[in-house]
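Letter 28 of the sequence shown, counting from 1, is numbered 28 in full-length UniProt numbering, and no numbers are missing. Where is the CB? At the ideal position from N, CA and C, for every residue including glycine. Report on one structure; see the data block that follows.
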Amino acid sequence: MTEHDRNAAAYWSANLRLIIGSLIVWALVSYGFGILLRPMLAGISVGGTDLGFWFAQQGSILTFIGLIFFYAWRMNKLDKEFGLHEE
């Protein structure tokens, strides 16, 4: 395997770890907190409603937007690390 192939494999591996980590956070917030854990979060009040409902309506969307910015920032950092950044 050449140096270029090893570099490409390492880059793709880092990219997949980032994608999988982001999907886990997204699933935990949207499905976990908003649906599965809602009864346990019902006693905590946020903005006049319970926390489970807030995660289902607002929190999952805000988390998704945050994940988009995090992914873009981290991919730019990864691109620079592997010498693929744009000038």
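Give a yes or no on contact between the segment 53-67 and the segment 29-37, applying the rule of three or more CB pairs nearer than 8 Å. yes
Where Thr49 sits in the DSSP three-state scheme: strand
So the alpha helix (DSSP H) Tyr71 belongs to, where does it begin and stop? 60-81
If I measure Cβ to Cβ from Val46 and keep anything under 7 Å in the same chain, skipping five residues before and after, which residues do I get? Trp54
Under a three-way DSSP split, which group does His4 fall into? helix
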